[in-house]
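Numbering (my numbering), first residue to last: 508 to 612.
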């Protein structure tokens with residue numbers, strides 16, 4: 508079993524969630540329960556899934572949770588690009604993009 512509190516990828520996932528949280532605050536009020544909510548859920552699921560995987564006993568099980576977290580990264584990436592299409596992401600979008608790309612590696 509791994510210590511999820513000291514897992515660097517989980518920590519970076521929490522930082523990504525914080526960036527998404529700040530970015531979505533500038534979205535219009537009518538988006539509160541739309542894509543901005545979905546983006547925050549996707550972003551928070553990344554470190555949450557990694558933390559859950561840290562509780563698994565085998566490397567194979569842990570690896571499976573990392574694959575699931577990668578799926579959440581792809582989901583978030585899609586939602587970020589949807590927001591760009593709607594021109595709702597502004598100054599923080601390049602920071603979010605680079606964080607997502609780093610997580611994919």
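In this text, a Cβ means the ideal position worked out from N, Cα and C, and glycines have one as well.
- According to the DSSP assignment, residue 584 belongs to the alpha helix (DSSP H) that extends over 566-592.
- Look at residue 512 here: in three-state DSSP terms it is helix.
- By the criterion of a C-beta distance shorter than 8 Å, residue 508 is surrounded in its chain by 561, 562, 563, 564, once the five residues flanking it on both sides are discounted.
- For residue 543, the enclosing alpha helix (DSSP H) stretches over residues 542-561.
- If the five residues before and after residue 517 are omitted, its C-beta is found closer than 7 Å to the C-beta atoms of 511, 554, 557, 558, all from its own chain and listed in chain order.
- Around the CB of residue 531, 16 or more other CB atoms lie within 10 Å, so the residue is classed as buried.
- Non-local beta-carbon contacts of residue 542 in its own chain, meaning distances under 7 Å to residues more than five positions away in sequence, involve 586, 589, 590 in chain order.
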